[in-house]
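The sequence shown maps to residues 309 to 777 in the numbering used here.
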Amino acid sequence: MNRRKFITSTALAAAAPLVLTNFKLFGADAPSNKLNLALIGSWGRGEAHFDSLATQNVVALCDVNEDHLAFGLKKFPTAKTYVDWRKLLDDHKALGLDGIVICTADHTHAFISNWALNRNLHVYCEKPLAISVEEARIVRANWLSRKTKLATQVGMQRHAFQNFNRVREMVRDGVIGELKAAYAWGNRQVKPAGASYDQAKGILTCKGQNGTSTRAGYLPDAGAPPKNLHYDLWLGPTPAHPYNPEYFTGKPGANCLQWNMFWDFGVGQVGDMGSHTMDLLWNAVDAKLPTAIEASGDPFNDAITPIKCESHFEHPANDWRGPMRISWYQGGAMPSSPKNYVDLNKIGHGAMFKGTKGFIVADFETRIILPVGNEADMTYYKPRPKNELLPTIVHFQKEWFDACKNPSLKTACDFEYSGNMIEQMLLGLVAYRVGKKLEYDGVAGRVTNAPEANALLSRKYREGWTLNG
Ligand SMILES: NC(=O)c1ccc[n+]([C@@H]2O[C@H](COP(=O)([O-])OP(=O)(O)OC[C@H]3O[C@@H](n4cnc5c(N)ncnc54)[C@H](O)[C@@H]3O)[C@@H](O)[C@H]2O)c1
């Protein structure tokens with residue numbers, strides 16, 4: 309019995325009290341209460357979901373690489389297979405599908421998410437949720453219009469580390485006084501295969517055919533793709549680029565680093581570790597969309613996203629704090645340390661919060677408090693008793709399964725929280741490209757002082773592909 313039939317039949321049972329004695333047979337993990345799910349991207353990051361997905365029914369797998377489909381089939385031998393996610397979604401009724409898990413390349417995330425939401429399916433999407441401001445806004449709006457019946461989660465699973473809520477509690481409980489600013493950073497420097505990076509100039513080069521050095525771009529044409537790879541479907545909606553095997557030579561779960569620095573396939577570290585690390589900050593500040601954005605970084609390369617970059621966002625006050633500034637730094641750009649004995653460079657991916665009475669410095673699992681100034685005597689701060697700590701997420705994927713079964717339950721990284729967060733980060737890349745401070749109307753989704761920036765809020769797609777299909 310699939311879940312929808314189960315719900316219908318239990319509703320009927322509720323109308324007949326005599327049958328209710330059997331209700332306990334349908335516990336949360338009883339076979340009849342399992343979700344029917346599809347996994348799109350059945351290798352690499354997809355494999356990280358295998359064990360939690362195995363607690364539900366995986367009825368379909370989709371992968372553009374037939375070898376990777378075969379890999380997924382070893383774990384889920386009864387699943388129906390697809391190479392085109394649109395065909396899978398066409399079959400959602402016949403499959404009795406309740407939801408999908410998306411582990412594909414970033415340039416397809418918002419597409420697949422929208423198509424699934426439009427078919428009333430629950431969605432777990434790997435990060436980043438979107439790679440353009442327009443994509444982020446549409447996918448968020450699509451979920452918000454269905455949030456009472458559909459569950460969403462973006463794969464920022466570090467959110468379940470207890471440190472996330474401990475940091476939030478400290479910020480909210482005033483350990484650093486009034487919050488004024490917050491900074492997140494990541495030190496990854498990912499470059500295309502065979503390219504060299506001149507850190508001082510911020511320029512990526514590769515060897516040309518006659519041995520001369522040329523500006524790095526999309527990888528050169530390397531002939532036809534192998535038969536097992538449906539390269540045209542891998543490109544999907546994004547502008548076409550010639551096949552090169554280097555896009556596909558990464559280790560399982562890290563292959564995204566082979567393609568995500570190219571503008572048409574991803575947004576580099578903004579969407580990669582930026583999603584995880586900004587989440588550590590975002591969870592503690594209750595921000596929505598910024599009103600102003602400025603950014604700077606490596607000289608612009610029209611193929612490759614910047615390695616070194618920093619972006620700064622002005623956020624209005626909310627009901628518990630005044631206006632604040634949020635900053636993101638990557639690839640060697642770093643915030644200044646409040647004290648030279650605190651070496652922020654030793655934290656590869658971290659966040660720092662600045663208040664009127666000091667700083668909190670955190671990585672994903674630990675935090676330190678740095679009281680600053682004569683007023684910072686800590687008498688104003690009382691740690692919460694254990695029973696008032698924010699609840700722990702026991703299992704990030706299960707949180708989504710539970711919400712699919714009962715959408716009144718909240719997920720930590722739903723498409724509103726994650727959509728706002730990635731929209732902010734993507735606005736940073738727009739400001740970097742335009743090279744001036746942007747003023748942003750978050751309600752309209754328009755830059756109000758630089759018309760050229762509005763053209764960069766959306767991406768161009770190949771003919772035949774619809775973002776909100
Ligand atoms: N949450 C995390 O910690 C984490 C870690 C690693 C990767 N990721 C994310 O997971 C995603 C996949 O990363 P990866 O390193 O596994 O990449 P990958 O290139 O190995 O792709 C994963 C699988 O998806 C398949 N695929 C790609 N496009 C597809 C499409 N349009 N339709 C069907 N299948 C498709 C690939 O063939 C491959 O089998 C990325 O978005 C990445 O950001 C998240």
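Even glycine gets a Cβ: it sits at the ideal position worked out from N, Cα and C. Quick caveat, the model's predicted, so the values are computed rather than measured.
1) Work out the CA separation of G750 and D399 for me, nearest whole Å.
2) Can you check whether the CB of A356 is closer than 8 Å to the CB of K388?
3) For the alpha helix (DSSP H) that contains T585, what are its first and last residues?
4) Do T412 and R770 come within 8 Å of each other at the CB atom, strictly closer than that value?
5) Could you tell me which residues DSSP pairs with N344 in its beta bridges?
6) Could you tell me whether the region 455 to 462 touches the region 478 to 492, where touching means 3 or more Cβ pairs closer than 8 Å?
7) Extract the residue ranges of the beta strand (DSSP E) inside the region 461 to 543, only unbroken runs of 3 or more that lie entirely within it.
8) Roughly how many angstroms lie between the CA atoms of R448 and Y432, to the nearest whole one?
9) Using a Cβ-Cβ cut-off of 6 Å (strictly less than) and excluding sequence neighbours within five positions of A684, which residues of its own chain qualify?
10) Could you check where the alpha helix (DSSP H) with M733 kicks off and where it finishes?
11) Classify K647: buried if its beta carbon has 16 or more other beta carbons within 10 angstroms, exposed otherwise.
12) Would you call G753 buried or exposed, if buried means 16 or more other Cβ atoms sit within 10 Å of its Cβ?
13) Enumerate, from N- to C-terminal direction, the unbroken alpha helix (DSSP H) stretches of 4 or more residues contained entirely within the region 555 to 641.
14) Under 7 Å Cβ to Cβ from A720, same chain only, skipping five residues before and after it: list those, please.
15) Would you kindly check if the distance between the Cβ of G639 and the Cβ of Q732 is under 8 Å?
16) When burial is assigned at 16 or more other CB atoms within 10 Å of the CB, is R692 buried or exposed?
17) If you draw a straight line from the C-alpha of W590 to the C-alpha of P385, how long is it?
18) Check the DSSP bridge columns for P679 and list the partner residues they point to.
19) Near R767, what residues of its chain come up, given a Cβ to Cβ distance below 6 Å and the 5 sequence neighbours on each side ignored?
20) Is the beta carbon of I668 closer than 8 Å to that of V475?
21) Report the three-state DSSP secondary structure of K388 (helix, strand or coil).
22) If you drop the 5 nearest sequence neighbours on each side, which residues of the same chain put their C-beta closer than 6 Å to that of T318?
23) Just checking my contact of N536 with N373 at CB under 8 Å: how many whole Å lie between their CB atoms?
24) Per the contact definition of three or more C-beta pairs closer than 8 Å, is the region 731 to 748 in contact with the region 591 to 601?
25) Looking only at its own chain, which residues have a Cβ that is under 6 Å from the Cβ of A424, when we skip the five neighbours before and after it?
26) Work out the CA separation of H620 and W628 for me, nearest whole Å.
27) Between which residues of its own chain and A595 is the CB-CB distance below 6 Å, once the five residues before and five after are set aside?
28) Is R754 helix, strand or coil by DSSP?
29) Alpha carbon to alpha carbon, how far is V650 from L775? Give it in angstroms, no decimals.
30) When DSSP labels each residue in this structure, what does N552 get in the three-state scheme?
31) L734 and A444 - do their beta-carbons sit closer together than 8 Å?
32) Between L343, L397, T520 and A492, which has its C-alpha nearest I420's C-alpha?
33) Skipping 5 residues on each side, what residues in its chain have a beta carbon closer than 6 Å to that of Y491?
34) For L764, write down the residues that DSSP places opposite it in a beta bridge.
35) Checking the sheet assignment: what are the DSSP bridge partners for V447?
36) Please look up how many angstroms separate the CB atoms of L437 and F672, rounded, as I've assumed it's under 8 Å.
Taking the geometry as given:
1) 36 Å
2) No, they are not a contact pair.
3) Here the alpha helix (DSSP H) through T585 covers M581 to V593.
4) By the CB criterion at 8 Å, R770 and T412 fall outside the cutoff.
5) N365
6) no
7) 487 to 494, 504 to 506, 511 to 515 and 521 to 523
8) Between R448 and Y432, the C-alpha separation is close to 13 Å.
9) K665 and G666
10) F723 to V742
11) K647 counts as exposed, since fewer than 16 other C-beta atoms from the protein chains shown sit within 10 angstroms of its C-beta.
12) buried
13) 564 to 567 and 581 to 593
14) H467, I701 and E707
15) no
16) By the neighbour-count rule (16 or more Cβ atoms within 10 Å), R692 is not buried but exposed.
17) 40 Å
18) G666
19) S440
20) yes
21) strand
22) Below a pLDDT of 50, predicted positions are generally treated as unreliable, and T318, at 37, falls in that range; the measurement from the model is reported next regardless. Excluding sequence neighbours, T318 sits near nothing in its chain.
23) N536 to N373, Cβ: 6 Å. Contact.
24) yes
25) I408 and V431
26) 21 Å
27) These residues qualify, in order along the chain: H623.
28) strand
29) 45 Å
30) Three-state DSSP puts N552 in coil, outside helix and strand.
31) yes
32) L397
33) S635, P643 and M660
34) DSSP output for L764 lists no bridge partner at all.
35) Per DSSP, none; premise fails for V447.
36) The Cβ separation is near 20 Å, so there is no contact.
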